[in-house]
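Notes follow once the structure below has been shown.
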Amino acid sequence: MKDQAASLRSLVSAPSGVDKTQRSGRSSKILTIASGKGGVGKSNFTLNFALALQTLGRKVLVFDADIGMANIDVLMGTSSPYNLYHLLYRQKSIQEIIQLGANGLPYIAGGSGMKELFSLSDRDLEFFAEQVEMVAQEMDYVIFDTGAGLSRENMKFIGAADECMIITTPEPTSITDAYALVKVMHGQENATPFRMVVNRVENEQESEQVADKIAGVAKRFLQTDIPLLGYVSEDPNVVKAVKRQVPYSLAYPHSKASRDIQRLALRYLAEPAVNEAGTLTGIRGFMKKWLRKTT
(Lines of atoms letter the chains of each structure in order from A; the text may use other names.)
(Lines give C-alpha, C1' and ligand atoms only; values in the text may rest on other atoms or scores of the structure.)
Protein backbone atom coordinates (compact mmCIF):
# COMPACT_ATOMS: atom_id res chain seq x y z
CA MET A 11 0.00 0.00 0.00
CA LYS A 12 2.76 2.41 0.97
CA ASP A 13 4.86 1.40 -2.03
CA GLN A 14 2.07 2.27 -4.45
CA ALA A 15 1.45 5.65 -2.85
CA ALA A 16 5.16 6.40 -2.94
CA SER A 17 5.28 5.41 -6.60
CA LEU A 18 2.47 7.83 -7.45
CA ARG A 19 4.01 10.69 -5.55
CA SER A 20 7.45 10.05 -6.98
CA LEU A 21 6.06 10.05 -10.50
CA VAL A 22 4.19 13.32 -10.17
CA SER A 23 6.87 15.16 -8.22
CA ALA A 24 9.59 14.61 -10.82
CA PRO A 25 11.52 17.74 -11.87
CA SER A 26 9.57 19.95 -14.25
CA GLY A 27 12.30 19.68 -16.88
CA VAL A 28 11.76 15.95 -17.25
CA ASP A 29 9.56 14.85 -20.15
CA LYS A 30 7.09 12.77 -18.17
CA THR A 31 5.59 11.20 -21.28
CA GLN A 32 8.92 9.54 -22.05
CA ARG A 33 9.45 7.93 -18.66
CA SER A 34 7.13 5.04 -19.36
CA GLY A 35 6.68 2.93 -22.43
CA ARG A 36 3.03 2.26 -21.79
CA SER A 37 -0.25 4.10 -21.72
CA SER A 38 -3.07 3.16 -19.43
CA LYS A 39 -6.36 1.95 -20.84
CA ILE A 40 -9.31 4.27 -20.19
CA LEU A 41 -12.43 2.34 -19.23
CA THR A 42 -15.83 3.79 -18.33
CA ILE A 43 -18.47 1.89 -16.36
CA ALA A 44 -22.00 3.00 -17.22
CA SER A 45 -25.64 2.01 -16.88
CA GLY A 46 -28.90 3.02 -18.49
CA LYS A 47 -30.58 3.60 -15.13
CA GLY A 48 -29.65 3.94 -11.50
CA GLY A 49 -29.86 1.25 -8.86
CA VAL A 50 -28.21 -1.54 -10.85
CA GLY A 51 -25.09 -1.77 -8.65
CA LYS A 52 -22.78 0.06 -11.06
CA SER A 53 -20.52 1.75 -8.50
CA ASN A 54 -20.27 -1.40 -6.42
CA PHE A 55 -19.28 -3.30 -9.55
CA THR A 56 -16.70 -0.65 -10.47
CA LEU A 57 -15.06 -0.80 -7.07
CA ASN A 58 -14.89 -4.58 -6.81
CA PHE A 59 -13.85 -5.03 -10.45
CA ALA A 60 -10.98 -2.59 -9.89
CA LEU A 61 -9.95 -4.50 -6.77
CA ALA A 62 -10.06 -7.77 -8.71
CA LEU A 63 -7.80 -6.34 -11.42
CA GLN A 64 -5.46 -5.11 -8.71
CA THR A 65 -5.37 -8.56 -7.14
CA LEU A 66 -4.31 -9.92 -10.52
CA GLY A 67 -1.32 -7.62 -10.56
CA ARG A 68 -2.68 -4.66 -12.51
CA LYS A 69 -2.29 -1.05 -11.37
CA VAL A 70 -5.66 0.67 -11.34
CA LEU A 71 -6.87 4.20 -10.64
CA VAL A 72 -10.60 4.71 -10.03
CA PHE A 73 -12.04 8.10 -10.93
CA ASP A 74 -15.47 8.75 -9.40
CA ALA A 75 -17.14 10.62 -12.27
CA ASP A 76 -20.72 10.37 -11.02
CA ILE A 77 -21.64 14.05 -10.68
CA GLY A 78 -24.88 13.62 -8.77
CA MET A 79 -24.29 10.51 -6.68
CA ALA A 80 -20.54 10.12 -6.17
CA ASN A 81 -20.14 7.35 -3.60
CA ILE A 82 -17.01 5.28 -4.27
CA ASP A 83 -15.47 6.57 -1.05
CA VAL A 84 -18.65 5.75 0.91
CA LEU A 85 -18.58 2.15 -0.31
CA MET A 86 -15.05 1.86 1.11
CA GLY A 87 -15.79 3.65 4.36
CA THR A 88 -13.25 6.35 3.55
CA SER A 89 -13.39 10.08 3.07
CA SER A 90 -11.34 12.41 0.93
CA PRO A 91 -10.54 15.99 1.97
CA TYR A 92 -9.77 16.88 -1.64
CA ASN A 93 -11.38 16.24 -5.00
CA LEU A 94 -11.23 17.38 -8.61
CA TYR A 95 -12.16 20.95 -7.70
CA HIS A 96 -8.88 21.43 -5.85
CA LEU A 97 -6.94 20.21 -8.86
CA LEU A 98 -8.75 22.29 -11.48
CA TYR A 99 -8.29 25.47 -9.47
CA ARG A 100 -4.60 24.74 -8.87
CA GLN A 101 -5.09 24.41 -5.13
CA LYS A 102 -3.67 20.87 -5.03
CA SER A 103 -1.63 18.70 -7.36
CA ILE A 104 -2.95 15.41 -8.61
CA GLN A 105 -0.90 13.35 -6.16
CA GLU A 106 -2.54 15.30 -3.35
CA ILE A 107 -6.12 14.58 -4.45
CA ILE A 108 -5.49 10.86 -5.02
CA GLN A 109 -6.49 8.88 -1.97
CA LEU A 110 -5.76 5.27 -1.11
CA GLY A 111 -8.89 3.30 -0.32
CA ALA A 112 -9.59 -0.35 0.40
CA ASN A 113 -6.57 -2.60 -0.14
CA GLY A 114 -4.56 0.46 -1.15
CA LEU A 115 -6.68 1.14 -4.24
CA PRO A 116 -5.94 4.66 -5.58
CA TYR A 117 -9.03 6.74 -6.31
CA ILE A 118 -10.07 10.31 -7.02
CA ALA A 119 -13.23 11.35 -5.21
CA GLY A 120 -16.15 12.79 -7.15
CA GLY A 121 -18.41 15.64 -6.23
CA SER A 122 -17.28 19.25 -6.37
CA GLY A 123 -15.29 20.08 -9.48
CA MET A 124 -16.99 17.65 -11.82
CA LYS A 125 -19.28 20.23 -13.44
CA GLU A 126 -16.37 22.63 -13.90
CA LEU A 127 -14.62 19.94 -15.95
CA PHE A 128 -17.13 20.49 -18.76
CA SER A 129 -16.51 24.21 -19.13
CA LEU A 130 -12.74 24.48 -18.96
CA SER A 131 -10.69 26.73 -21.19
CA ASP A 132 -8.17 25.16 -23.57
CA ARG A 133 -5.39 26.09 -21.19
CA ASP A 134 -7.15 24.48 -18.23
CA LEU A 135 -7.94 21.36 -20.24
CA GLU A 136 -4.28 21.05 -21.15
CA PHE A 137 -3.34 21.38 -17.49
CA PHE A 138 -5.90 18.72 -16.53
CA ALA A 139 -4.63 16.36 -19.24
CA GLU A 140 -1.01 16.80 -18.18
CA GLN A 141 -1.86 16.11 -14.55
CA VAL A 142 -3.85 12.96 -15.30
CA GLU A 143 -1.25 11.74 -17.77
CA MET A 144 1.49 11.91 -15.16
CA VAL A 145 -0.39 9.35 -13.09
CA ALA A 146 -1.86 7.42 -16.01
CA GLN A 147 1.65 6.59 -17.22
CA GLU A 148 2.03 4.59 -14.02
CA MET A 149 -1.29 2.78 -14.34
CA ASP A 150 -2.55 -0.11 -16.41
CA TYR A 151 -6.18 1.07 -16.15
CA VAL A 152 -7.94 4.32 -15.33
CA ILE A 153 -11.57 3.46 -14.62
CA PHE A 154 -14.24 6.17 -14.68
CA ASP A 155 -17.38 5.35 -12.70
CA THR A 156 -19.94 7.50 -14.51
CA GLY A 157 -23.44 8.46 -13.50
CA ALA A 158 -26.49 6.54 -14.67
CA GLY A 159 -28.41 7.50 -17.78
CA LEU A 160 -27.83 9.77 -20.75
CA SER A 161 -26.73 13.10 -19.34
CA ARG A 162 -24.38 15.22 -21.43
CA GLU A 163 -21.63 14.61 -18.89
CA ASN A 164 -22.01 10.82 -19.01
CA MET A 165 -21.99 10.85 -22.79
CA LYS A 166 -18.73 12.81 -22.73
CA PHE A 167 -17.01 10.26 -20.51
CA ILE A 168 -18.34 7.29 -22.48
CA GLY A 169 -17.50 8.83 -25.83
CA ALA A 170 -13.93 9.66 -24.81
CA ALA A 171 -13.03 6.27 -23.33
CA ASP A 172 -11.22 3.38 -24.97
CA GLU A 173 -14.23 1.23 -24.17
CA CYS A 174 -17.37 1.20 -22.05
CA MET A 175 -18.64 -1.57 -19.84
CA ILE A 176 -22.40 -1.30 -19.51
CA ILE A 177 -24.03 -2.76 -16.40
CA THR A 178 -27.60 -4.01 -16.47
CA THR A 179 -29.84 -6.29 -14.43
CA PRO A 180 -32.64 -8.66 -15.47
CA GLU A 181 -35.25 -5.99 -14.72
CA PRO A 182 -37.10 -4.94 -17.91
CA THR A 183 -36.51 -1.22 -17.32
CA SER A 184 -32.80 -1.81 -16.82
CA ILE A 185 -32.64 -3.77 -20.08
CA THR A 186 -34.49 -1.15 -22.14
CA ASP A 187 -32.49 1.72 -20.65
CA ALA A 188 -29.21 -0.08 -21.29
CA TYR A 189 -30.13 -0.51 -24.94
CA ALA A 190 -31.22 3.14 -25.16
CA LEU A 191 -27.80 4.23 -23.94
CA VAL A 192 -26.04 2.02 -26.47
CA LYS A 193 -28.30 3.30 -29.25
CA VAL A 194 -27.57 6.96 -28.54
CA MET A 195 -23.82 6.45 -28.19
CA HIS A 196 -23.74 4.34 -31.35
CA GLY A 197 -24.81 7.41 -33.29
CA GLN A 198 -21.69 9.32 -32.26
CA GLU A 199 -18.62 9.65 -34.45
CA ASN A 200 -16.12 6.81 -33.86
CA ALA A 201 -18.47 5.18 -31.38
CA THR A 202 -16.93 3.70 -28.24
CA PRO A 203 -17.06 -0.12 -28.17
CA PHE A 204 -19.22 -1.72 -25.47
CA ARG A 205 -19.09 -4.86 -23.38
CA MET A 206 -21.94 -6.02 -21.19
CA VAL A 207 -22.15 -7.28 -17.60
CA VAL A 208 -25.43 -8.54 -16.15
CA ASN A 209 -25.64 -7.92 -12.42
CA ARG A 210 -27.83 -9.56 -9.77
CA VAL A 211 -28.75 -12.68 -11.71
CA GLU A 212 -29.97 -16.00 -10.34
CA ASN A 213 -27.74 -18.06 -12.62
CA GLU A 214 -25.71 -18.01 -15.82
CA GLN A 215 -28.72 -18.91 -17.95
CA GLU A 216 -30.57 -15.79 -16.82
CA SER A 217 -27.57 -13.61 -17.68
CA GLU A 218 -27.40 -15.10 -21.18
CA GLN A 219 -31.12 -14.47 -21.71
CA VAL A 220 -30.71 -10.80 -20.75
CA ALA A 221 -27.61 -10.41 -22.90
CA ASP A 222 -29.28 -12.04 -25.88
CA LYS A 223 -32.15 -9.53 -25.71
CA ILE A 224 -29.87 -6.50 -25.79
CA ALA A 225 -27.27 -7.92 -28.17
CA GLY A 226 -29.94 -9.22 -30.54
CA VAL A 227 -31.69 -5.87 -30.89
CA ALA A 228 -28.36 -4.04 -31.22
CA LYS A 229 -27.25 -6.39 -33.95
CA ARG A 230 -30.55 -6.09 -35.83
CA PHE A 231 -31.08 -2.34 -35.66
CA LEU A 232 -27.59 -0.91 -35.07
CA GLN A 233 -25.48 -3.54 -36.83
CA THR A 234 -23.16 -3.61 -33.85
CA ASP A 235 -21.98 -6.33 -31.49
CA ILE A 236 -22.18 -6.03 -27.71
CA PRO A 237 -20.31 -9.00 -26.30
CA LEU A 238 -21.26 -10.36 -22.89
CA LEU A 239 -18.28 -10.28 -20.56
CA GLY A 240 -20.09 -12.14 -17.79
CA TYR A 241 -22.39 -11.81 -14.82
CA VAL A 242 -22.49 -11.25 -11.06
CA SER A 243 -24.88 -13.34 -9.00
CA GLU A 244 -27.55 -12.03 -6.68
CA ASP A 245 -25.87 -12.32 -3.30
CA PRO A 246 -27.08 -11.15 0.15
CA ASN A 247 -23.45 -10.60 1.15
CA VAL A 248 -23.30 -7.61 -1.18
CA VAL A 249 -25.88 -5.73 0.90
CA LYS A 250 -24.10 -6.76 4.10
CA ALA A 251 -20.81 -5.40 2.74
CA VAL A 252 -22.42 -2.09 1.74
CA LYS A 253 -23.72 -1.66 5.28
CA ARG A 254 -20.24 -2.40 6.64
CA GLN A 255 -18.73 0.00 4.07
CA VAL A 256 -16.28 -2.67 2.97
CA PRO A 257 -16.10 -3.93 -0.65
CA TYR A 258 -17.79 -7.31 -0.82
CA SER A 259 -14.81 -8.92 -2.52
CA LEU A 260 -12.79 -8.12 0.61
CA ALA A 261 -15.48 -8.58 3.25
CA TYR A 262 -16.74 -11.89 1.82
CA PRO A 263 -14.03 -13.17 -0.55
CA HIS A 264 -15.63 -16.61 -0.93
CA SER A 265 -19.16 -15.39 -1.65
CA LYS A 266 -20.86 -15.98 -5.01
CA ALA A 267 -20.52 -12.34 -6.06
CA SER A 268 -16.82 -12.26 -5.15
CA ARG A 269 -16.09 -15.41 -7.13
CA ASP A 270 -18.01 -13.96 -10.08
CA ILE A 271 -16.13 -10.66 -10.04
CA GLN A 272 -12.81 -12.48 -9.94
CA ARG A 273 -13.85 -14.62 -12.90
CA LEU A 274 -14.94 -11.48 -14.78
CA ALA A 275 -11.57 -9.82 -14.21
CA LEU A 276 -9.71 -12.92 -15.40
CA ARG A 277 -11.83 -13.13 -18.52
CA TYR A 278 -11.45 -9.41 -19.21
CA LEU A 279 -7.66 -9.65 -19.11
CA ALA A 280 -7.67 -12.77 -21.27
CA GLU A 281 -9.84 -11.36 -24.05
CA PRO A 282 -8.38 -9.14 -26.79
CA ALA A 283 -8.94 -5.39 -26.77
CA VAL A 284 -12.07 -4.25 -28.57
CA ASN A 285 -10.60 -1.08 -30.06
CA GLU A 286 -10.19 -0.76 -33.79
CA ALA A 287 -6.69 -0.88 -35.21
CA GLY A 288 -5.09 2.54 -35.41
CA THR A 289 -7.35 4.09 -32.80
CA LEU A 290 -5.58 6.55 -30.50
CA THR A 291 -5.99 5.19 -26.99
CA GLY A 292 -4.92 6.04 -23.45
CA ILE A 293 -5.14 9.48 -21.90
CA ARG A 294 -4.06 11.23 -25.12
CA GLY A 295 -6.86 9.52 -27.01
CA PHE A 296 -9.24 10.32 -24.17
CA MET A 297 -8.49 14.04 -24.33
CA LYS A 298 -8.64 14.14 -28.13
CA LYS A 299 -12.09 12.54 -28.09
CA TRP A 300 -13.14 14.68 -25.13
CA LEU A 301 -12.76 17.79 -27.27
CA ARG A 302 -14.97 16.28 -29.95
CA LYS A 303 -18.52 17.65 -29.95
CA THR A 304 -21.12 15.35 -28.43
CA THR A 305 -24.72 15.90 -29.51
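Quick note: the sequence shown uses the numbering used here, first residue 11, plus one each step.
Where a beta carbon is used, it is the ideal one built from N, C-alpha and C, also for glycine.
query                                                                                                                                                               : result
Could you compute how far the alpha carbon of A62 sits from the alpha carbon of I271?                                                                               : 7 Å
Figure out for me which residue from Y258, N81, L94 has the closest Cα to the Cα of D134.                                                                           : L94
For L135, write down the residues that DSSP places opposite it in a beta bridge.                                                                                    : L135 is not bridged to any residue.
Closest to M149 by C-alpha separation, out of S217, P116, K223, E281, would be which residue?                                                                       : P116
Out of F154, G67, G120, which has the shortest C-alpha to C-alpha gap to F296?                                                                                      : F154
Does the separation of the CB atoms of V208 and S217 fall below 9 Å?                                                                                                : yes
Note down, in chain order, each residue of its chain lying with its Cβ closer than 6 Å to the Cβ of S265, except the 5 sequence neighbours on either side.          : D245, N247
Any idea what DSSP makes of L66, helix, strand or coil?                                                                                                             : coil
Return the chain-ordered list of same chain residues with a C-beta closer than 8 Å to the C-beta of G292, the five sequence neighbours on each side being excluded. : S37, S38, K39, I40, A146, D172
Between W300 and F204, what straight-line distance do the alpha-carbon atoms span, to the nearest angstrom?                                                         : 18 Å
How would you write the range of the alpha helix (DSSP H) that N164 sits in, first residue to last?                                                                 : 162–170
M195 by DSSP, collapsed to three states: which one?                                                                                                                 : helix
Would DSSP call A158 helix, strand or coil?                                                                                                                         : strand
Can you tell me whether L130 is helix, strand or coil according to DSSP?                                                                                            : coil
What is the DSSP secondary structure of E218, reduced to helix, strand or coil?                                                                                     : helix
Given 8 Å as the limit, is there contact between the segment 41–55 and the segment 184–199, that is, 3 or more CB pairs closer than that?                           : yes
Under the rule that 16 or more other beta-carbon atoms within 10 Å means buried, what is A221, buried or exposed?                                                   : buried
Please name the residue, chosen from R210, A225, E136, G120, that lies closest to V249 on a Cα-to-Cα basis.                                                         : R210
With a cut-off of 8 Å on the beta carbons, I'd call T178 and A188 a contact; round off their distance for me.                                                       : 4 Å
Out of T65, S103, L239, G51, point me to the one whose CA is closest to A80's CA.                                                                                   : G51
Which residues mark the beginning and the end of the alpha helix (DSSP H) in which Q105 is found?                                                                   : 104–107
What is the rounded straight-line gap between the Cα of N213 and the Cα of P91?                                                                                     : 41 Å
Which same chain residues, not among the five before or five after Y151, have their C-beta less than 7 Å away from its C-beta?                                      : S38, K39, L41, L63, R68, V70
Could you tell me the distance, in whole angstroms, from the CA atom of I168 to the CA atom of T88?                                                                 : 27 Å
Quick check: what's the CA-CA separation for F309 versus N164?                                                                                                      : In the structure as shown, the chain begins at 11 and stops at 305. Residue 309 is therefore absent and cannot be evaluated.
What residue range does the alpha helix (DSSP H) around Y278 cover?                                                                                                 : 266–280
Just how far apart, CA to CA, sit A158 and D76?                                                                                                                     : 8 Å
So, using beta-carbon positions, are S243 and A261 closer together than 9 Å?                                                                                        : no
Just verifying my parser: in three-state terms, what is the DSSP assignment at A44?                                                                                 : strand
Cα separation between S53 and S259?                                                                                                                                 : 13 Å
If you reduce the DSSP assignment to three classes, tell me which class A75 lands in.                                                                               : strand
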